[in-house]
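Chains as they are written, first to last, in this note's numbering: chain V, 1 to 516; chain S, 517 to 1032. Every residue gets a Cβ at the ideal spot worked out from N, C-alpha and C, and that includes glycine. In this text, all values refer to a predicted model and were calculated from it rather than measured experimentally. Below: the structure, in structure tokens.
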């Protein structure tokens, strides 16, 4: 038994049985250890952004962390963007990053880097384990940190000699701290704010966006007249027919300001007061109107689900009050016409399978999608949380592995899709039940929009060189085929509906290039 | 005029006229400024690893830095792996990384990260400019740092308000420090070592690997009997027929130890004493035998070209002594037989166009390539320097832009090729004269080998899950087509020769999937 064995055993002992991986030479002893543990499911990504994004999607759905296995500093660096998204989604992840043998560091070999320095900006916890004797205890600590509410990124650096050296160290159980309850005072203050007669907004984030706490929030809204709203970007929302429907804070600053301008008091439930995704000259960064009172019912790490129940009790809401639920509509897909973001949304709304998982990285093309799907079949909605593009298809891979019996539908912008296009290979390798819809608008459309807002007028040659994805156009059917995923192309709404209907009625990965 | 204008102007004023870019909203004012400067060539990469890798390849050949334009922390993070390679190649690069407006940082918006912390491990210099007034001076400092020998990575962080705020600041000229000469003492000591009668090795790196200094080294070797050797990994070697031919330090530890075991004295010329790429249980990390005397003729930052001339003078080498040059052989490509790494090497050696640029990221498949091409047409040889895979096709893009009249041939392993597969789109977009040869062995072959060395025996299910790229196999012809690059597949040597002959006899990007 060596350090690598105790790491694999400690992960398994604490319920971590999926490892998204792209190992290298310095991790070979850990690979050999994993090879001796068939109960660990090892999933290869052909680029580390796929690995970390899949770990994010997995944990959002499985409600427990996966491990990642990354090769030294550059392997970690390649995974940082999606670790950033995971951090913003409060997703638990345990990263295992190999390092050179401790005594090799004196040589400054070509792959040597400051791994801790690279890990720190995207991790809540970073530790280089000292030897094979400390691996199990450090792994347990990493798991404890990852599982601490609301979910954290723990990065354990494993020197090669800590992996390969013998040890008799036993596996260690991770202790996960109980999620703190909110204070009575917080509940009382929120109740008073809602009774004050001022125009109130309940802004929800984190676990408060699951179906059950949303019902409590819905009953509170129905009783007090407060408005419910979700944050702009959220790790996971349970929504659709039969669930409390709510909108999200607008992405566009002007729209958000306008939407929120009459709010007098905000109750934050696992949410942050809304701010602009970016700063713009002459526009405010905070989206709430001046003088708006901000009341925190629950911090993100506190138990917001319990807090909403207690808030309902404090407001003495009678059992007879029911929340307003999204109704179950018979939605018909479009029968013809041009393919637009609206017709795609209408088609997906109509054809979405029961209990599907929708992954949204549609960027500008999907701004409309949310409002089309309040009455669609109930589904989970996973978003790009940190703005680091390249999350959609990796998230889908992880979600599909966490929930093999549920259909995953990815709304994928073409520009961001190219960032981690390698994820399609993992969809094929693992035969994942994922339909990826590519919004093929052949540009970074959101940036063309932003350039206009800068007052630069129509883009000239250099701006077009940096914002347009034409010359040549991407051929997503060939890209998918190149990675073993079946695909089809739609130029109009009828063809799109035909392809989507086929894709959702069978199992396995499929790509639809939707030319809009 | 705003801060972004002064940045663009300062870059251009100091001769930086190529910008590899993938911008986002926070960089839109810089994009608008670049749009007003048609003399700047803006080249889009569909992923930041392409952007930084292309900047590396560009500067290796152009001998001056390009700028990169990256979007906030995640955009930088995506480019770090190839910045690591560039740093190990001592390539000058000026990174421009956008940040939120300074006053927006209080809001912890979704894309906010510790950009300086992310930049530091892969940069020699990191600075966040304070305002539009300081942009030009800080840009000039970044250029000075980048151009300081032997070449450095400078990362300038540009807050959005520093870009968009007005200024009357003038462009600033960068002052580049003169490269220090080596001391007379260093020359004397090296000469004495070579005269000592001990078995001597001259180990070369950096600019000493260009044709002219190699001739000086070759004359020294011919006179003293010293052996010439290049480092294992080098940014650029000028080699082939008519040039001094030399081998490189072996990658494999056992082979390197064996090859160097009789060396008694080493003269380092811009090189480091060789060390193992990785550590292995029970094997040494330093490749030189115990007791071997190490003499430094030139540090990497010193003028090794001048030092070699002075060493030849100190050794009083008569003008009549000529170096041994690689002879010009009439090489014939294979006419049939199976497609192997050897037949690929023989075919490339025979068909390589005069003055081509060879980019090598062939990993295990290309271990043999080097020795086949001592007698090939003269060419530049660019390597993976830092071990962070995903460098080949991006390097080629940059090299092709630096040298539009030269053919670029990429030796690309399939596993590492997938890391930055998006580079093929840039090959197509810019119509670059690049032939990419994919060594399609459908596995991380080097890792299968390493696993064997670990003593784990034949890989089981989990190891195969992480090391093999089959199930499904990658179809490189479709991948290339998906990004607008023509491609062909070869299953035997004759077909490979046919495709390569066609590819080198025309202009423009082409991919050959070589199934070995």
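How many angstroms separate the CA atom of residue 239 (chain V) from the CA atom of residue 358 (chain V)?
The residue given as residue 239 (chain V) occupies position 239 in the first chain. The residue given as residue 358 (chain V) occupies position 358 in the first chain. Each residue's alpha carbon lies about 10 Å from the other.
Specify, as a first and last residue, the run of the alpha helix (DSSP H) that residue 1012 (chain S) falls within.
Reading the second chain from its first residue, position 496 is the one you call residue 1012 (chain S). 1009-1020 is the extent of the alpha helix (DSSP H) around residue 1012 (chain S).
Cutoff 7 Å: residue 386 (chain V) Cβ touching any chain S Cβ
Sequence index remark: in the first chain, residue 386 (chain V) carries index 386 (1-based). Yes, contact with chain S.
For residue 481 (chain V) and chain S, any beta-carbon pair shorter than 7 Å?
The count along the first chain starts at 1 and reaches residue 481 (chain V) at position 481. So, interface residue.
Could you check the C-alpha separation between residue 483 (chain V) and residue 279 (chain V) for me, to the nearest Å?
For the purposes of this step, residue 483 (chain V) is taken as residue 483 along the first chain, with counting starting at 1. For the purposes of this step, residue 279 (chain V) is taken as residue 279 along the first chain, with counting starting at 1. When rounded, the distance between both Cα atoms is 39 Å.
When the cut-off is 7 Å and only beta carbons count, does residue 596 (chain S) lie next to chain V?
Looking up residue 596 (chain S) in the second chain gives position 80. With 7 Å as the cut-off, residue 596 (chain S) counts as an interface residue toward chain V.
Does the structure place the region 189-204 of chain V close enough to the region 157-175 of chain V that three or more beta carbon pairs sit under 8 Å?
no
By Cβ distance, which residues of its chain are closer than 6 Å to residue 821 (chain S), with the 5 residues on each side in sequence left out?
Numbered from 1 along the second chain, position 305 holds the residue referred to as residue 821 (chain S). Same-chain partners within the cutoff: 723, 729.
Limits of the unbroken alpha helix (DSSP H) element including residue 147 (chain V):
As a position in the first chain, residue 147 (chain V) is number 147, starting the count at 1. Note, residue 147 (chain V): alpha helix (DSSP H), 135-147.
Give the interface partners of residue 26 (chain V) over in chain S, defined as CB-CB distance under 7 Å, in chain order.
By 1-based counting over the first chain, the position of residue 26 (chain V) is 26. 794, listed in chain order.
Does the distance from the CB of residue 634 (chain S) to the CB of residue 583 (chain S) come in under 7 Å?
As a working mapping, residue 634 (chain S) is identified with position 118 in the second chain. As a working mapping, residue 583 (chain S) is identified with position 67 in the second chain. Not in contact: residue 634 (chain S) and residue 583 (chain S) (Cβ atoms no closer than 7 Å).
Is there at least one Cβ from chain V nearer than 7 Å to residue 987 (chain S)'s Cβ?
Indexing the second chain from 1 puts residue 987 (chain S) at position 471. Residue 987 (chain S) counts as touching chain V.
Whole-angstrom C-beta distance between residue 951 (chain S) and residue 1019 (chain S), which should lie under 8 Å:
Reading the second chain from its first residue, position 503 is the one you call residue 1019 (chain S). Reading the second chain from its first residue, position 435 is the one you call residue 951 (chain S). About 4 Å; that satisfies the 8 Å criterion.
Inter-residue Cα distance where the pair is residue 215 (chain V) and residue 243 (chain V)
Along the first chain, one-based indexing puts residue 215 (chain V) at 215. Along the first chain, one-based indexing puts residue 243 (chain V) at 243. If you take the alpha carbons of residue 215 (chain V) and residue 243 (chain V), they lie about 7 Å apart.
Residue 959 (chain S) by DSSP, collapsed to three states: which one?
Mapped onto the second chain, residue 959 (chain S) falls at position 443. Reduced to three states, the DSSP call for residue 959 (chain S) is strand.
Taking the straight line between their C-alpha atoms, what separation do you get for residue 943 (chain S) and residue 183 (chain V)?
The residue you call residue 943 (chain S) lines up with position 427 of the second chain. The residue you call residue 183 (chain V) lines up with position 183 of the first chain. When rounded, the distance between both Cα atoms is 60 Å.
Curious, which full-length alpha helix (DSSP H) runs of at least 4 residues does the region 553-631 of chain S contain?
564-578, 588-604
Can you tell which of S:904, S:956, S:827, S:623 has the C-alpha that lies nearest to the C-alpha of residue 602 (chain S)?
By 1-based counting over the second chain, the position of residue 602 (chain S) is 86. Measuring from the Cα of residue 602 (chain S), the nearest candidate turns out to be S:904.
As assigned by DSSP and simplified to three states, the class of residue 864 (chain S):
If you number the second chain from 1, residue 864 (chain S) lands on position 348. Here residue 864 (chain S) sits in helix by DSSP.
Taking the alpha-carbon positions, what's the residue 856 (chain S) to residue 916 (chain S) distance?
For the purposes of this step, residue 856 (chain S) is identified with residue 340 of the second chain, where counting begins at 1. For the purposes of this step, residue 916 (chain S) is identified with residue 400 of the second chain, where counting begins at 1. If I take the Cα positions, the gap works out to 27 Å.
For residue 811 (chain S), name the three-state secondary structure that DSSP assigns.
The residue labelled residue 811 (chain S) in the question sits at position 295 within the second chain. Reduced to three states, the DSSP call for residue 811 (chain S) is strand.
Confirm, please, whether the CB-CB distance from residue 366 (chain V) to residue 245 (chain V) is below 7 Å.
In the first chain, the residue the question calls residue 245 (chain V) occupies position 245. In the first chain, the residue the question calls residue 366 (chain V) occupies position 366. No, these two residues do not count as a Cβ contact at 7 Å.
Do we get a CB-CB distance below 7 Å when we pair residue 164 (chain V) with the residues of chain S?
On the first chain, position 164 is the one that residue 164 (chain V) refers to. Closer than 7 Å: yes.
Interface residues of the region 626-647 of chain S facing chain V [CB-CB below 7 Å]:
626, 627, 629, 630, 633, 634, 636, 637
Just to check my reading of the structure: residue 18 (chain V) and residue 43 (chain V) have Cβ atoms closer than 8 Å, yes? What is that Cβ distance to the nearest angstrom?
For the purposes of this step, residue 18 (chain V) is identified with residue 18 of the first chain, where counting begins at 1. For the purposes of this step, residue 43 (chain V) is identified with residue 43 of the first chain, where counting begins at 1. Right, their Cβ atoms sit about 7 Å apart.
Can you tell me whether residue 22 (chain V) is buried or exposed? The criterion is at least 16 other CB atoms within 10 Å of its CB, across all chains shown.
By 1-based counting over the first chain, the position of residue 22 (chain V) is 22. So residue 22 (chain V) counts as buried.
Mind pulling the chain S residues with CB within less than 8 Å of residue 46 (chain V)?
On the first chain, position 46 is the one that residue 46 (chain V) refers to. Going along chain S in sequence order, the residues near residue 46 (chain V) (Cβ under 8 Å) are 931, 934, 935, 985.
Taking only three categories from DSSP, how would you classify residue 754 (chain S)?
On the second chain, position 238 is the one that residue 754 (chain S) refers to. Residue 754 (chain S) falls in the strand class under three-state DSSP.
At the 7 Å Cβ level, is residue 981 (chain S) part of the contact set with chain V, yes or no?
In the second chain, the residue the question calls residue 981 (chain S) occupies position 465. Closer than 7 Å: yes.
Give the single residue among S:800, S:578, S:740 whose Cα lies nearest to the Cα of residue 781 (chain S).
Mapped onto the second chain, residue 781 (chain S) falls at position 265. Per the Cα distances, S:740.
Please look up how many angstroms separate the CB atoms of residue 72 (chain V) and residue 111 (chain V), rounded, as I've assumed it's under 8 Å.
As a working mapping, residue 72 (chain V) is identified with position 72 in the first chain. As a working mapping, residue 111 (chain V) is identified with position 111 in the first chain. Sure, about 5 Å apart at Cβ, within 8 Å.
So residue 464 (chain V) is in the alpha helix (DSSP H); what residue range does that whole segment cover?
To locate residue 464 (chain V), count along the first chain from 1; it is residue 464. Start and end: 461-467.
For the candidate residues S:969, S:902, S:683, whose alpha-carbon lies nearest to that of residue 769 (chain S)?
Position 253 of the second chain, counted from the first residue, corresponds to residue 769 (chain S). Measuring from the Cα of residue 769 (chain S), the nearest candidate turns out to be S:969.
Compute the distance between the beta-carbons of residue 636 (chain S) and residue 607 (chain S), then report whether it is under 7 Å.
In the second chain, the residue the question calls residue 636 (chain S) occupies position 120. In the second chain, the residue the question calls residue 607 (chain S) occupies position 91. No. Outside cutoff.
Residues that residue 73 (chain V) contacts on chain S, provided the C-beta gap is smaller than 9 Å
Stepping through the first chain from its first residue, residue 73 (chain V) is reached at position 73. Under the 9 Å cutoff, chain S gives 596, 597, 600, 637, 638, 904.
Is residue 785 (chain S) closer than 7 Å to residue 720 (chain S) when the C-beta atoms are compared?
Within the second chain, numbered from 1, the residue matching residue 720 (chain S) stands at position 204. Within the second chain, numbered from 1, the residue matching residue 785 (chain S) stands at position 269. In contact: residue 720 (chain S) and residue 785 (chain S) (Cβ atoms closer than 7 Å).
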